[in-house]
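Written below as structure tokens is the structure these notes are about.
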Amino acid sequence: MLLEGKNAIISGGVQGIGAATAVEFAREGANLCIVDIKPENEAKDIEEQIRKMGRKTIFSKCDISSFADAERSVKTALDEFGRIDILVNNAGISRDQVCWKMTEEQWDRVIEVNLKGYFNLTRHVAPLFKEQKSGKIINVTSINGLRGKFGQTNYSASKAGVIGYTKALAKELGAFGVNVNAVAPGLIETSMLRESDSRDKIIDMAMNEIVLKRVGQPEDVANVIAFLASEKAKHITGEVMKVDGGQYI
Ligand SMILES: NC(=O)c1ccc[n+]([C@@H]2O[C@H](COP(=O)([O-])OP(=O)(O)OC[C@H]3O[C@@H](n4cnc5c(N)ncnc54)[C@H](O)[C@@H]3O)[C@@H](O)[C@H]2O)c1
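In terms of the working numbering, the sequence shown opens at residue 133 and continues consecutively.
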């Protein structure tokens, strides 16, 4: 198993890519602290799957845009497990609008969650990783942070910010044996897409770009995150790995 006995924190672990990553981590032997803004009852299904695999799981309700919430979640995980080995910054939101119509609230909320939220959890985990001289941080960005997307100046800026943050953090923590990497998914079929009225239109447009001609699934991203969290990726840091079926080449 890739992650035997490791303890991981995953933000946004209740659904989508975060939930698939939590399940994959458990399959590979890790215990999980699921951090999410949603109530704990919505995490029951994922927690049950993790426990069935014989791993420990705890839930910490947290708005990652709050520094105090993030500190409390890291403390909860540390109190429960005694040590943290992996942080997956995954929780993210979008509030799409063309720039000339975007409200200040739409801009601020996306930056607060997608960018500051990643700092908030990292800020409380980094001293632990530095002290123990090991740790893995994986940040979920997006191909739209690499190429920009119409109607998503706020989202694209936040995800581009995550890439700069990943590279700077890799330089700061490398000397302490800590790997910091990012994954950049293309279109992935999560509930956001499944429940969208424009699902078929969005898929049609993406299919013109996706060279592998399939829609990405949360598990496709989870597999890469698990690899980056493992010792198999011990010589990789500051990297941005696209998981997009060739959507952005
Ligand atoms: N789905 C895609 O096509 C796609 C593509 C590229 C990148 N991504 C990125 O992948 C990550 C996961 O996306 P997803 O599609 O699984 O999304 P999702 O909406 O299915 O899940 C996101 C999870 O984050 C939680 N969350 C939202 N705001 C939060 C906050 N302030 N504090 C704590 N938790 C919060 C939600 O409750 C939810 O459980 C995001 O960062 C997203 O930007 C997704």
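Each residue gets a CB set at the ideal place from its N, CA and C atoms; glycine is no exception.
Per DSSP, what kind of secondary structure is Met-337 in: helix, strand or coil? Mapped onto the sequence shown, residue 337 falls at position 205. Helix at Met-337.
Complete beta strand (DSSP E) runs within the segment 272 to 331 (minimum length 3 residues, chain order): 310 to 317
Within 10 Å of its beta-carbon, does Cys-231 have 16 or more other beta-carbons around it, so buried, or fewer, so exposed? Counted from its first residue, the sequence shown places residue 231 at position 99. By the neighbour-count rule (16 or more Cβ atoms within 10 Å), Cys-231 is not buried but exposed.
So is the beta-carbon of Tyr-287 under 8 Å away from any non-hydrogen atom of ligand 1? As a position in the sequence shown, residue 287 is number 155, starting the count at 1. Result yes, Cβ under 8 Å from ligand 1.
On the criterion of 16 or more Cβ atoms from any shown chain inside 10 Å, does His-256 qualify as buried, or is it exposed? In the sequence shown, counting from the first residue as 1, residue 256 sits at position 124. By the neighbour-count rule (16 or more Cβ atoms within 10 Å), His-256 is buried.
List, from N- to C-terminal side, the beta strand (DSSP E) runs of 3 residues or more that fit wholly inside the segment 220 to 254. none
Which of the three DSSP states is assigned to Val-146 in this structure? Position 14 of the sequence shown holds residue 146. Reduced to three states, the DSSP call for Val-146 is coil.
Distance cut-off 8 Å: Ile-149 Cβ against heavy atoms of ligand 1: Residue numbering aside, residue 149 sits at position 17 when the sequence shown is read from its first letter. Under cutoff, so the answer is yes.
On the three-state DSSP scale, how would you describe Ala-140? The sequence position of residue 140 within the sequence shown is 8, counting from 1. The three-state reading of DSSP puts Ala-140 in strand, counting E and B together.
Check the C-beta distance from Thr-235 over to Val-372 and give it rounded, since I have them as a contact under 8 Å. For the purposes of this step, residue 235 is identified with residue 103 of the sequence shown, where counting begins at 1. For the purposes of this step, residue 372 is identified with residue 240 of the sequence shown, where counting begins at 1. With 8 Å as the limit, Thr-235 and Val-372 do not qualify as a contact, their Cβ atoms being about 30 Å apart.
Residue range of the beta strand (DSSP E) that includes Val-375: The count along the sequence shown starts at 1 and reaches residue 375 at position 243. First-last of the beta strand (DSSP E) with Val-375: 372 to 375.
Candidates Gly-370, Phe-359 and Leu-278: closest to Tyr-297 by CA position: One-based indexing of the sequence shown puts residue 297 at position 165. The shortest Cα separation from Tyr-297 among Gly-370, Phe-359 and Leu-278 belongs to Gly-370.
State the Cα-Cα distance for the pair Glu-179 and Val-315, rounded to the nearest angstrom. Looking up residue 179 in the sequence shown gives position 47. Looking up residue 315 in the sequence shown gives position 183. Their Cα atoms are separated by approximately 24 Å.
Per DSSP, which residues does Leu-210 bridge with? Please list them. Position 78 of the sequence shown holds residue 210. Note: Leu-210 sits in no beta bridge, so no partner.
Ligand 2 and Pro-259: does any heavy atom of the ligand fall closer than 8 Å to the residue's C-beta? Absent from the structure shown: ligand 2. Ligands present: ligand 1.
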